[in-house]
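J.: Shown below is the structure under consideration.
Number of protein chains: 2
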Amino acid sequence: MLSKFSQRISEGILFTDQYQLMMAQLFYRTGVHEKPAQFDHYFRQYPEYGMHKAGYCINAGLEWLVDWMQNASFGNEEIRLLKEQKTSKGKQLFSDDFLGWLRSNGNFNSISLKAIPEGRVVHPFEPLTVIQGQLAMAQILETALLNQLNFQTLIATKASRIKEMARGQLLLEFGARRAQDRGAIAGVRGALIGGADFTSNIGISHILGYPPKGTHAHSMVQLFISMGMSELDAFDAFADLYPDDCILLVDTINSLESGIPNAIKVFEKMKRKGHKPIGIRLDSGDLAYLSIQAAKMLNEAGFNEVKIVLSNELDEMNIWQIMTQITQESPKYGIDPEHLINRLTFGVGTRLITSAGDPALGGVYKLVAVMNNGEWTPVIKISETPGKIPLPGNKQVWRIYNNNNRTTADLIGLSGEDINSMDVLSLHHPVDPGKHRTLQKDHISKTDPLLVDVLKDGQLIYSFPSIEEIRQLRNYDLELLDPGVKRLINPHVYHVSLTDKLWELKQNLIENMK
Amino acid sequence: MLSKFSQRISEGILFTDQYQLMMAQLFYRTGVHEKPAQFDHYFRQYPEYGMHKAGYCINAGLEWLVDWMQNASFGNEEIRLLKEQKTSKGKQLFSDDFLGWLRSNGNFNSISLKAIPEGRVVHPFEPLTVIQGQLAMAQILETALLNQLNFQTLIATKASRIKEMARGQLLLEFGARRAQDRGAIAGVRGALIGGADFTSNIGISHILGYPPKGTHAHSMVQLFISMGMSELDAFDAFADLYPDDCILLVDTINSLESGIPNAIKVFEKMKRKGHKPIGIRLDSGDLAYLSIQAAKMLNEAGFNEVKIVLSNELDEMNIWQIMTQITQESPKYGIDPEHLINRLTFGVGTRLITSAGDPALGGVYKLVAVMNNGEWTPVIKISETPGKIPLPGNKQVWRIYNNNNRTTADLIGLSGEDINSMDVLSLHHPVDPGKHRTLQKDHISKTDPLLVDVLKDGQLIYSFPSIEEIRQLRNYDLELLDPGVKRLINPHVYHVSLTDKLWELKQNLIENMK
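Here you go:
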C-alpha cells in the first residue's frame with residue numbers, strides 16, 4: 000500500500016514509460032509537440048488459451064480510462080521528479096523549457112477520443128479507441144491507455160466464455176486472493192461486464208452497486224471442531240445467523256459422508272422454522288459426480304430447489320466438462336440433468352481473474368495519421384510481417400447484419416465513406432490480398448457504425464452507460480453472433496474486412512514507402 | 000481511475016471477500032471473535048509454466064502488505080456501506096452491535112506477524128507469513144494478504160528465472176502496457192526484487208528510487224518519415240538531444256539494411272563530437288541472428304562496446320534460446336560469443352509482468368492454531384489429498400547449510416525446538432511418510448532460522464530493508480542454492496522437511512480427527 004503521494008505519482012500521469020517522455024521532449028525540441036496526430040488502439044489476435052481460443056472479444060475499460068484522463072496531469076510534484084532525472088553525464092535530462100511546457104500543457108485537454116462502447120463484441124484490426132490530439136500528450140497517453148483497456152477487455156472476454164459454458168447459470172467472481180494486487184479491482188469490473196453476475200470482493204461491489212456474494216470458508220468449520228464442536232454445530236450456528244441466506248460449504252470433512260448429510264439436517268430445521276435454505280457449496284473432488292450425488296440426496300430429503308454452488312479452479316473448459324458429465328451420467332442416478340444444471344451456480348477465481356492460458360491481450364497503439372498544413376495525412380508503418388502493418392487514416396467500423404438479422408461481417412472503412420449508398424459492398428481481407436468477397440445490398444438488413452464520440456478536445460460528450468446497460472449491449476451482440484464464432488475450440492473466423500477505399504489507401508502508402 | 004472515496008473503499012479494508020465478513024459476524028455472535036488464532040501463509044507448489052517449472056521462489060510483497068495493514072480500518076464510510084447490505088428478506092445483513100464492534104476494533108492493531116524476509120529463496124510448505132491475532136480480524140486479513148504476497152512473489156520468481164537465463168546481463172522491465180491495470184505497480188516491485196535491474200515505468204521508479212529506463216519507439220521514426228524526413232533524420236535529432244544516452248531502435252524499416260547502417264552513421268558523428276554512443280535496440284525478427292550481424296557491423300565500424308538491447312516477447316525460455324544460438328553461431332561470423340553476450344541488455348515486458356505460463360501463485364492461508372484457556376492449541380484440517388493438510392501449530396523454518404556452505408535442506412519444526420542441540424537431524428518428507436533421512440551434525444556448517452518478527456500486537460518491530468538490501472539477500476540465497484535447483488527444466492527437488500516433533504504432532508492430530 001502506497002502513501003497518498005506515492006499513489007498519485009505511481010498511478011497518475013507518471014504511469015507511463017520513460018521513452019514516452021524522452022520522445023515528447025524530442026517532439027518539443029523539434030517543434031512538432033503540438034502537431035495534431037491520430038493513434039489507433041486495436042488488437043491483432045484473439046486470446047489463445049493453449050488448446051482453445053476466442054472467436055470474439057468483449058470490449059471493456061473505457062469509462063475508467065476516461066476518468067483517469069480527466070484527472071491526470073503534470074503538477075508541481077511530477078515536474079520536480081522529472082527535473083531530478085539525470086543524463087549519464089549527470090546533467091538534467093529534461094530541460095526547464097520542456098518541463099515548463101509540460102506544467103502548462105501536460106494534460107489531456109487537447110485530446111479527442113472515439114471508441115467502440117464497452118460490452119460490444121469486437122474483433123481484430125478494428126480500431127477500438129481512436130485518439131486525436133497534440134502529438135506529445137497523445138504519445139504519453141499510450142502506456143496508461145493500453146494498460147487499462149487491454150486488461151479489462153481480456154477479463155471481460157474470459158468471463159464471457161465462462162458464462163457461455165455455464166449456460167447462463169449464475170457466475171460469481173472469487174479471484175481477489177490470486178489476482179494481481181490492485182489489478183483485482185479493474186479485473187472485477189471486466190468480469191462483471193463480460194459475464195460474471197456478482198463478485199465476492201466487497202469494496203468494488205459497493206462502488207459498482209452490486210451486492211457482494213459469499214458465505215463461509217473451511218476455516219469456520221475447522222474452528223468449531225478445534226473448540227470441541229462439530230461440523231453440524233458450525234452449520235447450525237451459521238444457519239441461525241443467516242436463516243434466509245444460508246449456503247453451506249460441505250467439503251471440509253467429507254462431502255458425501257458428512258457435509259451433505261449435516262447440511263440436510265440443518266435445512267430440515269430451517270424449514271420447520273419457516274426459512275428457505277439456499278444452497279450447498281462443493282469446493283473439491285469430482286464436482287460433476289458430487290453434484291449428482293448431492294442432488295440425489297437433497298431431492299430425497301425434499302430439497303429439490305436448493306442450489307448447488309461449485310468452485311475450485313474452474314474455467315470455461317472444466318465447466319464444459321462438468322456440464323457434459325452431468326448430462327451423460329445424471330440419468331443413471333435418476334437425476335434429470337436439465338433440472339440439476341438449472342440449480343448450479345459457479346464460483347470462478349484464479350482462472351478468470353488471470354485469464355489463465357493467455358494472461359495478456361496484445362492490444363497496440365499505432366500512429367495512423369498526422370495533420371500537415373491543416374489536412375489529416377494518413378501514415379503507415381511497414382513491417383516484414385504483413386499483419387503488423389497498421390490501417391492508415393481516420394476510420395469507421397460498421398457492423399453488417401444479414402437478412403436473418405445475424406452479424407455477417409464487420410467492415411472497416413474511411414470515416415467519410417457512406418456505405419449505405421453502395422449497392423454492393425466490397426469486402427477485402429485486412430491482410431491477405433487474395434481474399435475478397437462482395438455482399439449485395441439486398442442481403443443486408445442493417446449496418447451499425449460502432450465508433451462513437453466520447454471526448455471532444457478533452458470535453459466529455461458521451462454519457463457512460465451503467466454496467467447493466469453495458470451487459471444488455473453484450474447480450475445483444477452475443478445473440479446476433481453466429482454460434483460457430485462462440486465455439487470454445489476452433490471457432491469460426493468472423494469476417495473483418497476493409498472497404499475498397501481503405502484497402503487502396505493502405506496499398507498506396509505501402510508502395511510509397513518502398 | 001477511481002475517485003479518492005472509491006479508492007479508499009475498493010483498496011482499503013473492504014478489499015476482502017464477503018465470506019470473511021459473514022464469518023466475522025458469526026464469530027462475534029458466537030463470542031469467539033477476539034479469541035487468538037494463528038493462520039499460516041504458504042504455497043504448496045512452485046509455479047509450473049507448461050514445459051518448464053520453478054525449483055524455488057523469491058519471497059516478495061511483505062513491506063507493502065504491512066503498510067496496508069497499518070492504514071486499513073473500518074471507518075464510518077465502510078460501516079455505512081456494510082449497514083446497507085441486505086439479507087434476501089430485505090433485512091440488515093450485518094447487525095448494529097457487530098458493526099459497532101468493527102468500528103472500534105476493525106483494524107490490525109491486535110495482529111502479530113512473523114515472516115520470511117523479502118528476497119529470500121523460499122519453498123513449498125514453509126510458512127512464509129505467520130499471523131497471530133484476534134480471530135475475526137485475522138480472518139478478514141486473508142484476502143488482502145494473499146492478494147499482495149502471492150502476486151509479488153510470483154513476479155519476483157519469474158524475474159529471477161529470467162535474470163538467471165540472461166546470465167546476469169542487464170534486465171529491464173517493460174510490461175506496463177500489458178499488465179493488469181494498477182497491478183503493474185506492485186508487479187514492478189516484485190520484478191525489481193527478483194531480477195530486473197530497472198523498469199521503464201516512470202512513476203514507480205521514482206517511488207522506489209531507481210532511474211526509469213527507455214529511449215524511443217517506432218512511432219518517433221514513423222513521425223519523421225510522415226513529415227517527409229528519414230530514419231536517419233530521426234536518429235540524428237534523437238542523438239543531438241540525448242548525446243550521452245543514445246540508444247537507437249533500429250527495426251522500424253529494416254534492421255540490417257537501414258536501421259543499423261543509419262545508427263552507425265549517427266554514432267560516427269557523435270564520436271567526432273566527443274560523445275560515446277550507448278546502444279542499439281532490436282525489437283523484431285530473429286534476435287540471435289540479428290544480434291550477431293549487428294555486432295559484426297558495429298565492430299567493423301569501431302563500435303565494439305556499443306550495447307545491443309533485445310526486446311519482443313522475451314522470457315526465460317527464449318532468452319535461453321538466444322544465448323544458445325549466439326554461442327553456437329557467432330564464431331561462424333568471426334564474433335566472440337562471450338563478448339557479444341556481455342554487451343546484451345534484455346527488455347522484458349508481457350511475459351514477465353504476467354508470469355506467462357503460470358499467472359498465479361497458489362499461496363494459501365490456513366488456520367493452524369487457536370488459543371484455548373491461555374494455551375496455543377494446534378489445529379488441523381484433513382483432506383483426501385495428503386498434500387493439502389496444513390502443518391499444525393506454531394513453527395520455525397531453519398535453513399541447513401552443508402560443509403561446502405551450500406543449502407542442503409529447509410527444516411520446518413515447532414518454534415520451541417532447539418535444532419542446534421541435536422546430534423542428528425531427522426528429516427521427514429512433509430507429505431510422504433515413506434520418505435525420511437537423517438543428517439549428522441558434522442555435515443552441517445550452519446543453521447539459519449528464516450522467520451523474523453515483524454509486527455508485535457500491531458506495532459512494527461522490524462526495520463524494512465531497502466530493495467538493494469533485499470537484492471543482496473536474494474543473491475546470497477541464490478548463490479548457495481544447488482545449481483540443479485535453479486535449472487529451468489526438471490529442476491532438482493529441494494528438500495523441505497519436518498522435524499520428528501512436527502511430524503508426530505501432525506500424525507497425532509490426523510489420528511484424532513479420524
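Same order as they appear, the protein sequences are chains A and B.
So in numbering that gives the first Met the number 0, spot 17 of the first sequence is number 16, and the numbers just go up one at a time.
So in numbering that gives the first Met the number 0, spot 369 of the second sequence is number 368, and the numbers just go up one at a time.
Here a beta-carbon is modelled for each residue, glycine too, at the ideal position from N, C-alpha and C.
I'd like the ranges of any beta strand (DSSP E) spanning at least 3 consecutive residues and lying wholly in the stretch 181-208 of chain A.
T.: none
J.: Please list the partners that residue 212 of chain A has in chain B, where partner means a Cβ-to-Cβ separation under 7 Å.
T.: 17
J.: Rounded to whole angstroms, what's the CA-CA distance from residue 200 of chain B to residue 174 of chain A? Just pull it up for me.
T.: 26 Å
J.: Taking 8 Å as the threshold, find out whether the stretch 202-210 of chain B comes into contact with the stretch 4-20 of chain A through three or more Cβ pairs.
T.: yes
J.: Can you tell me which residues form a DSSP beta bridge with residue 172 of chain B?
T.: Partner(s): B/198 and B/347.
J.: In chain order, which continuous runs of the beta strand (DSSP E) of length 3 or greater are located wholly inside the stretch 84-146 of chain A?
T.: If we require 3 residues or more, the beta strand (DSSP E) runs fully inside the stretch 84-146 of chain A come out as 111-114 and 128-133.
J.: For residue 491 of chain A, does the count of other Cβ atoms within 10 angstroms reach 16, so buried, or fall short, so exposed?
T.: exposed
J.: DSSP three-state label for residue 385 of chain A, please.
T.: helix
J.: Looking only at DSSP bridge pairs, what is residue 363 of chain A linked to?
T.: Residue 363 of chain A is bridged by DSSP to A/41.
J.: Comparing the C-beta of residue 471 of chain A with each C-beta of chain B, is any distance below 8 Å?
T.: no
J.: In whole angstroms, give me the CA-to-CA distance for residue 69 of chain A and residue 136 of chain A.
T.: 13 Å
J.: Does chain A have any CB closer than 8 Å to the CB of residue 447 of chain B?
T.: Judged by the 8 Å Cβ criterion, residue 447 of chain B is not in contact with chain A.
J.: Can you pull the chain B neighbours of residue 600 of chain A, defined as C-beta to C-beta under 9 Å?
T.: This structure leaves residue 600 of chain A out entirely; chain A is present only between 0 and 513.
J.: Quick one: which residues of the stretch 144-157 of chain B get their C-beta closer than 7 Å to a C-beta of chain A? List them in chain order.
T.: Cβ contacts with chain A come from 145, 146, 147, 149 and 150.
J.: Alpha carbon to alpha carbon, how far is residue 387 of chain B from residue 329 of chain B? Give it in angstroms, no decimals.
T.: 49 Å
J.: State the CB to CB distance for the pair residue 64 of chain A and residue 191 of chain A, rounded to an integer number of angstroms; the pair is presumed to be in contact (CB under 8 Å).
T.: Going by Cβ atoms, the distance from residue 64 of chain A to residue 191 of chain A rounds to 17 Å, so no, they are not a contact pair.
J.: Shorter than 8 Å from the beta carbon of residue 347 of chain A to some beta carbon of chain B?
T.: No, because no Cβ of chain B sits closer than 8 Å to the Cβ of residue 347 of chain A.
J.: Once you ignore the five residues that flank residue 476 of chain A on each side, which residues in its own chain have a CB closer than 7 Å to its CB?
T.: Closer than 7 Å at Cβ, skipping near neighbours: 119 and 120.
J.: In chain B, which residues lie with their C-beta within 7 Å of the C-beta of residue 136 of chain A?
T.: Neighbours of residue 136 of chain A on chain B: none; closest Cβ ~13 Å, over 7 Å.
J.: Assuming residue 278 of chain B and residue 246 of chain B make a contact with CB atoms under 8 Å, what is their CB distance in whole Å?
T.: 4 Å
J.: Shortest alpha-carbon distance to residue 261 of chain B belongs to which of B/237, B/274 and B/244?
T.: B/237
J.: The stretch 159-186 of chain B: which residues have C-beta closer than 9 Å to a C-beta of chain A, in chain order?
T.: 173, 174, 175, 176, 177, 178, 179, 180, 181, 182, 183, 184, 185 and 186
J.: Against chain A, which members of the stretch 265-293 of chain B pass a CB distance test of less than 8 Å?
T.: 277, 283 and 284
J.: Are the C-beta of residue 307 of chain B and some C-beta of chain A separated by less than 8 Å?
T.: Not flagged as an interface residue toward chain A: residue 307 of chain B, since no C-beta distance is shorter than 8 Å.
J.: By the 10 Å Cβ neighbour count, where 16 or more other Cβ atoms means buried, how is residue 218 of chain A classified, buried or exposed?
T.: buried
J.: Should residue 141 of chain B be labelled buried (16 or more other beta-carbon atoms within 10 Å of its own) or exposed?
T.: buried
J.: Checking the sheet assignment: what are the DSSP bridge partners for residue 57 of chain A?
T.: A/120
J.: Is residue 37 of chain B buried or exposed, if buried means 16 or more other CB atoms sit within 10 Å of its CB?
T.: buried
J.: What separation, rounded to the nearest whole angstrom, lies between the Cα atoms of residue 129 of chain B and residue 113 of chain B?
T.: Straight-line measurement puts the Cα of residue 113 of chain B at about 5 Å from the Cα of residue 129 of chain B.
J.: Indicate whether at least one CB of chain B lies closer than 8 Å to the CB of residue 400 of chain A.
T.: no
J.: Over what stretch of residues does the alpha helix (DSSP H) that includes residue 294 of chain B continue unbroken?
T.: 286-299
J.: How far does the alpha helix (DSSP H) with residue 483 of chain B in it extend, from its first residue to its last?
T.: 482-485
J.: Relative to the alpha-carbon of residue 143 of chain A, which residue among B/294, B/182 and B/170 has its alpha-carbon at the smallest distance?
T.: B/182
J.: Residues of chain C with CB under 7 Å from residue 87 of chain A, in chain order?
T.: Here chain C cannot be found, since the structure's protein chains are A and B.
J.: Measuring alpha carbon to alpha carbon, tell me which of A/41, A/505, A/405 and A/25 ends up nearest residue 516 of chain A.
T.: An answer regarding residue 516 of chain A cannot be provided, because it is not within the stretch 0 to 513 covered by chain A.
J.: Would you say residue 318 of chain A and residue 340 of chain A are within 8 Å of each other, going by their C-beta atoms?
T.: Not closer than 8 Å, so no.
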